[in-house]
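To keep things clear, I will list the structure first and then write my remarks on it.
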Amino acid sequence: TALEDRNLTVIGGRVADIGVGGLTLGGGVSFFSGLYGWACDNVKNYQVVTAQGAILDVNYDSNFDDLYYALRGGGNNFGIVTRFDLYTYPQGMMWGGSRVYPINETDAILNALVDFAYDAPSDPDAALIVALAYAKQLGGYLIAADLEYAKPEANPPIFDAFQNASYISDTTKVVSLPDLTLEFNSSNPGGLRETYWTATYQVDLDLLHYMVAEYQTQTNNILDVAGLGPSFVLQIITTDELKYMTRNGGNALGLSEEEGPLLLLNIAFWWNSAADDERVLQACKNIVDNTLAYAAARGLAKEYLYMNYASQYQSVVPSYGAANHAKLVEVARKYDPSGVFQRLQPGYFKLDGAPTAGSP
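In structure tokens form, the structure reads like this:
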């Protein structure tokens, strides 16, 4: 790519097929978020076409700084973004890939995930995704870790626990960013029915064990679904990532450094037939509802829902907190007074709630 040839990168997606617009307007977690923050916090300027047809250059130093704030996590509710001007950063080769572990290593991997949550600020070059999945052809449940490091250094000390656990496969290597995103494409096949759900929690080991057990309980109830691919993905929103959210006046997400680190859940289930939609969707909803209830009883539940992982039944924008929600509504009324993007744009996350009312 043009950036790779210059040893530069931008803060973008981790899977090659991810679109720039949706990722960035919804937040945007990157391999390099520990160093620079989320994608929405690394946009210098948005070119926006408003409902009235005006073309605006929107940035922190412009007369449209309120719209700049709103576009940093508020989705497609304010106008059509026709260009993103992104900050660039030096980046050459890196190290990364996936390690898959037998399910009996779950305790070790969850302990390592909690340690990473608190150790991440000591080494912001590191990025981590932990995922559980069920693969009948591989004998049942597995746990995996996607390990990434912004420098071309194999097995940095922050990942020692993931190196010491017994793994059954390993693709980690020194690699370019484009090649790594292409590798992760292979674990995200197209052409299937799929649902995403999300929730956010304080980091807590006991809660993590409950969440894994609940995922397995709900998945076991639908293992007869044809083509089921049930993934349960855990990531840390580090205190560094939260710190960068205040850059250039702050974003719309309603998160603060003081409440970090946080645990971000992405439920990603795919399957073959529409006849199984209700069962799969209900299982995913049960995981979210039951884990949030368990967390809330212990003071560990957070209101925030990450737009890019949310289901059509989840109310994302109001989860940013009452003050942020009210401000986003005010910005939308200013730049789209007739409500074109609320009334005429089908689907996705509007300001007032979930795209689909009710439950599965």
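The sequence shown begins at 1 in full-length UniProt numbering and counts up by one. Each residue gets a CB set at the ideal place from its N, CA and C atoms; glycine is no exception. Small disclaimer: the values here were computed from a predicted structure and weren't measured.
When burial is assigned at 16 or more other CB atoms within 10 Å of the CB, is residue i buried or exposed?
| i | result |
| --- | --- |
| Gln314 | buried |
| His325 | buried |
| Val49 | exposed |
| Ala39 | buried |
| Thr356 | exposed |
| Ser311 | buried |
| Tyr309 | buried |
| Ile267 | buried |
| Ser231 | buried |
State the Cα-Cα distance for the pair residue i and residue j, rounded to the nearest angstrom.
| i | j | result |
| --- | --- | --- |
| Leu113 | Gly34 | 15 Å |
| Ala226 | Asn272 | 6 Å |
| Asp289 | Thr217 | 13 Å |
| Ile236 | Arg333 | 34 Å |
| Tyr68 | Tyr46 | 8 Å |
| Asn42 | Gly139 | 42 Å |
| Tyr36 | Tyr244 | 7 Å |
| Leu128 | Gly229 | 21 Å |
| Tyr320 | Ala297 | 21 Å |
| Gln52 | Ser256 | 34 Å |
| Glu278 | Thr195 | 11 Å |
| Ser30 | Tyr304 | 19 Å |
| Ala150 | Leu8 | 12 Å |
| Tyr118 | Leu242 | 13 Å |
| Gly79 | Tyr335 | 8 Å |
| His209 | Leu142 | 15 Å |
| Asn76 | Asn63 | 20 Å |
| Arg14 | Asp146 | 11 Å |
| Glu214 | Cys284 | 10 Å |
| Phe90 | Ala131 | Inspection of the sequence shows that residue 90 is occupied by Pro rather than by Phe. Between Pro90 and Ala131, the C-alpha separation is close to 29 Å. |
| Asp204 | Leu262 | 9 Å |
Between the Cα of residue i and the Cα atoms of the options, which residue gives the shortest distance?
| i | options | result |
| --- | --- | --- |
| Lys350 | Phe159, Asp125 and Gly74 | Gly74 |
| Phe159 | Asp204, Tyr294 and Asn111 | Asn111 |
| Ser176 | Val280, Gly97, Gly37 and Glu330 | Gly97 |
| Leu234 | Ile109, Tyr87 and Leu255 | Ile109 |
| Asp125 | Asp336, Glu330 and Phe116 | Phe116 |
| Lys136 | Ile143, Ile80 and Leu223 | Leu223 |
| Leu265 | Leu207, Leu23 and Phe341 | Leu207 |
| Val100 | Gly19, Ala133 and Val81 | Ala133 |
| Ile18 | Asn220, Phe32, Gly190 and Pro152 | Gly190 |
| Lys173 | Pro152, Trp197, Gly92 and Pro90 | Pro152 |
| Asn286 | Val331, Ala199 and Glu258 | Ala199 |
| Met94 | Pro102, Val81, Pro156 and Val58 | Pro156 |
| Glu258 | Asp276, Ala252, Thr239 and Ala274 | Thr239 |
| Gly92 | Ser338, Ala293, Asp179 and Ala323 | Asp179 |
| Gly27 | Gly358, Phe341, Lys302 and Leu253 | Leu253 |
| Pro121 | Ala275, Val329, Gly260 and Leu3 | Gly260 |
Excluding the 5 residues preceding and the 5 following residue i in the sequence, name in chain order all residues of the same chain whose CB lies nearer than 7 Å to its CB.
| i | result |
| --- | --- |
| Asp65 | Gly249 |
| Pro318 | His325 and Gly353 |
| Val280 | Thr195, Ile222, Val225, Phe269 and Trp271 |
| Thr171 | Gly97, Ser98 and Glu183 |
| Val316 | Leu305, Met307, Ala310 and Phe349 |
Identify the continuous beta strand (DSSP E) that holds residue i and give its terminal residues.
| i | result |
| --- | --- |
| Ser33 | Segment Ser33 to Tyr36 is the alpha helix (DSSP H) holding Ser33; no beta strand (DSSP E) there. |
| Phe232 | Gly229 to Ile237 |
| Gly140 | Gly140 to Tyr149 |
| Asn45 | Val43 to Val49 |
| Lys173 | Lys173 to Val175 |
| Asp85 | Ile80 to Leu86 |
| Ala127 | Ala126 to Ala135 |
| Arg193 | Arg193 to Gln202 |
Could you pull out every residue in the same chain whose Cβ sits closer than 6 Å to the Cβ of residue i, ignoring the five residues on either side in sequence?
| i | result |
| --- | --- |
| Ala161 | Ala112 |
| Tyr60 | Tyr68, Asn248 and Gly249 |
| Lys327 | none |
| Gln202 | Leu300 |
| Glu148 | Phe31, Gly96 and Ala127 |
Just curious, the alpha helix (DSSP H) that residue i is in, first and last residue?
| i | result |
| --- | --- |
| Ile267 | Not the alpha helix (DSSP H): Ile267 falls in the beta strand (DSSP E), residues Leu262 to Trp271. |
| Asp57 | Segment Ile55 to Val58 is the beta strand (DSSP E) holding Asp57; no alpha helix (DSSP H) there. |
| Arg99 | That residue, Arg99, is in no alpha helix (DSSP H); its beta strand (DSSP E) goes Met94 to Pro102. |
| Ile109 | Thr106 to Asp119 |
| Glu257 | That residue, Glu257, is in no alpha helix (DSSP H); it is neither H nor E in DSSP. |
| Val20 | Val20 to Gly26 |
| Asp61 | Neither: Asp61 is in no alpha helix (DSSP H) and is coded neither H nor E. |
| Met211 | Leu205 to Asn220 |
| Lys350 | Lys350 -> no alpha helix (DSSP H), and no H or E assigned at all. |
Within the same chain, show all residues whose beta-carbon is closer than 8 Å to that of residue i, passing over the 5 residues directly before and after it, in chain order.
| i | result |
| --- | --- |
| Leu23 | Gly12, Gly13, Ala39 and Asn308 |
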